[in-house]
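Mapped onto our numbering, the consecutive letters of the sequence shown carry residue numbers 56 to 212.
Even glycine gets a Cβ: it sits at the ideal position worked out from N, Cα and C.
For reference, the structure discussed in these notes is given below.
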Amino acid sequence: MKLDTRVEQALIEINFVERYGNISKKYDRERTPKGQELDYFDGDFLMEIVELLGYKAQYDKRERFFYIDLEEIGHFRFGFHFAFESGRLELIWVVYEGDKVVLGSPWTRYPRLMIARDYIIKQPIVSDYVDFRDIMKIAFEMYEDFKQVFLKIAKDK
Numbered sequence: 056m057k058l059d060t061r062v063e064q065a066l067i068e069i070n071f072v073e074r075y076g077n078i079s080k081k082y083d084r085e086r087t088p089k090g091q092e093l094d095y096f097d098g099d100f101l102m103e104i105v106e107l108l109g110y111k112a113q114y115d116k117r118e119r120f121f122y123i124d125l126e127e128i129g130h131f132r133f134g135f136h137f138a139f140e141s142g143r144l145e146l147i148w149v150v151y152e153g154d155k156v157v158l159g160s161p162w163t164r165y166p167r168l169m170i171a172r173d174y175i176i177k178q179p180i181v182s183d184y185v186d187f188r189d190i191m192k193i194a195f196e197m198y199e200d201f202k203q204v205f206l207k208i209a210k211d212k
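Set out below in structure tokens:
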């Protein structure tokens with residue numbers, strides 16, 4: 056699998072690998088030892104935190120992930136999904152161009168596709184709701200940066 060060239064260029068321009076790497080390093084196993092991660096969570100409270108950050112989240116019970124509604128800009132639709140498993144926070148951006156999926160993989164996959172298959176940035180480990188809020192604040196800033204740069208690149212191509 057290869058990244059769409061517009062996606063890859065946007066990720067490079069927003070310095071995605073370094074920014075995600077910084078999140079991963081800060082919220083790692085050393086900071087949150089096994090057994091101290093936020094394993095059980097109040098989904099309604101997580102959605103409230105996301106709302107305080109300016110987004111409305113919903114939960115997909117069947118697929119067991121949270122998502123914000125798709126945002127339509129021109130002929131693109133952008134979305135953001137996230138899920139918890141064993142205290143790890145999985146972050147996923149989605150981009151559709153019409154009905155075609157342009158992007159829909161977890162963040163951990165992007166560096167592998169951009170740099171090397173064995174280049175690993177681990178998912179951040181969340182120890183409490185403050186960690187969740189702080190990580191999501193950075194993640195949403197990155198999301199907004201990505202959308203802006205992606206749209207500029209798509210317009211120029």
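Beta-carbon spacing of F96, F139 below 8 Å: Taking the sequence shown and counting its residues from 1, one reaches residue 96 at position 41. Taking the sequence shown and counting its residues from 1, one reaches residue 139 at position 84. Yes, these two residues count as a Cβ contact at 8 Å.
Cross-strand partners of F135 (DSSP beta bridge): As a working mapping, residue 135 is identified with position 80 in the sequence shown. Note: F135 sits in a beta bridge opposite I123, W148.
Three-state secondary structure (DSSP) of A112: If you number the sequence shown from 1, residue 112 lands on position 57. Strand.
Unbroken beta strand (DSSP E) run spanning V156, endpoints: Translated into positions along the sequence shown, residue 156 becomes position 101. Unbroken beta strand (DSSP E) run through V156: 155-158.
Limits of the alpha helix (DSSP H) - the one that D200 falls within: Residue 200 sits at position 145 when you count from the first residue of the sequence shown. Where D200 is concerned, the enclosing alpha helix (DSSP H) stretches over 184-211.
Inter-residue spacing [alpha-carbon to alpha-carbon] between I104 and R188: Against the sequence shown, residue 104 aligns to sequence position 49. Against the sequence shown, residue 188 aligns to sequence position 133. Approximately 6 Å, taken between the alpha carbons.
Rounded C-alpha distance that separates F120 from F137: Start at 1 with the first residue of the sequence shown, and residue 120 comes out as number 65. Start at 1 with the first residue of the sequence shown, and residue 137 comes out as number 82. Those two C-alpha atoms are separated by around 6 Å.
Nearest-angstrom Cβ-Cβ length linking V62 and F205, presumed shorter than 8 Å: Residue numbering aside, residue 62 sits at position 7 when the sequence shown is read from its first letter. Residue numbering aside, residue 205 sits at position 150 when the sequence shown is read from its first letter. Contact flag correct, Cβ pair sits at about 7 Å.
Buried versus exposed, by CB contacts within 10 Å (16 or more), L125: As a position in the sequence shown, residue 125 is number 70, starting the count at 1. Result: exposed.
Y75 and I190 closer than 8 Å at C-beta: Taking the first residue of the sequence shown as 1, we reach residue 75 at position 20. Taking the first residue of the sequence shown as 1, we reach residue 190 at position 135. No, Cβ-Cβ distance for Y75 and I190 is not below 8 Å.
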